[in-house]
Amino acid sequence: MAQLDADYWNNRYHKQETGWNIGCASDPIRHWLDAQENKDLNILIPGAGLAYEAEYAWQQGFHHVVVLDYAEKALNEFKKRNPEFPEKQIVKSNYFEHQNKYDVIIEQTFFCALDPKLRDEYVRHTSTLLKNGGKLIGLLFDFPLDQQGPPYGGSREHYEELFGKYFKIEHLEICPRSIKPRSGKEFWIEFTKE
């Protein structure tokens, strides 16, 4: 298994080995953002990469969005595209060392990129970053975890067991708005911290 550290991800960006990059904010997340009336939500996008979801959210008036990644190359590309985005809201850090409180954490190809051994820690840490009643929303892959990764998959049962310890599972369903290559292979999730 590859060492999934900052050097690994920076190298992937340098070599343009970014198969997860669709070049825009994913439709399911755009749809969720468009449905939100409260633009003052404190939102974290971990493992944001080129952060198209953050760019879209910012353009829609969500000005409390934090972009977090430890791949400096990806963050620099985001800064070039979005020079008006506040520097203090672009955080180069390891997710598991990040400390703050958020209303929403957006999951977009970060969880699936982590070594599966870190999944329990991801769920615990995510729950500490969310305010009570805060939400983890986004997408998780639906294919066997035993496949080579990243990306790493999972199943409905796996996610229910993993996240159910800390969250109320409000939505965990095959996503109707996935891009064509991922159609039928990802879940839309909305989990609420209790």
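The opening residue of the sequence shown carries number 1396 in our numbering; numbering runs sequentially from there.
C-beta: ideal position from N, C-alpha, C; glycine also.
None of these values were measured; they are calculated from a predicted model.
Taking the alpha-carbon of residue i as reference, which of the options has the nearest alpha-carbon?
i, options, result
"TRP1453", "GLU1479, GLY1579 and GLY1444", "GLU1479"
"GLU1467", "HIS1458, ASP1510, ASN1477 and LEU1445", "LEU1445"
"HIS1520", "ILE1569, LEU1557, ARG1476 and LYS1475", "LEU1557"
"GLY1548", "ARG1577, LYS1475, ASP1429 and ILE1485", "ARG1577"
"GLY1533", "GLN1494, ILE1569, GLU1589 and LEU1463", "ILE1569"
"GLN1494", "GLN1503, LEU1463 and HIS1459", "LEU1463"
"LEU1436", "VAL1461, GLU1450 and PRO1423", "VAL1461"
Determine the burial state of residue i: buried for a count of at least 16 other Cβ atoms within 10 Å of its Cβ, exposed for fewer.
i, result
"ILE1584", "buried"
"LYS1560", "exposed"
"ALA1443", "buried"
"SER1421", "buried"
"GLU1516", "exposed"
"LEU1540", "exposed"
"PRO1545", "buried"
Taking 9 Å as the cut-off, decide whether the C-beta atoms of residue i and residue j are in contact.
i, j, result
"PHE1491", "LEU1470", "no"
"VAL1499", "GLY1529", "yes"
"CYS1543", "ILE1440", "Cys is not the amino acid found at residue 1543; the sequence shown has Gln there. No. Outside cutoff."
Going by DSSP, which residues form a beta bridge with residue i?
i, result
"ASP1464", "LYS1487"
"VAL1499", "ILE1438 and LYS1530"
"PHE1586", "LEU1531 and ILE1564"
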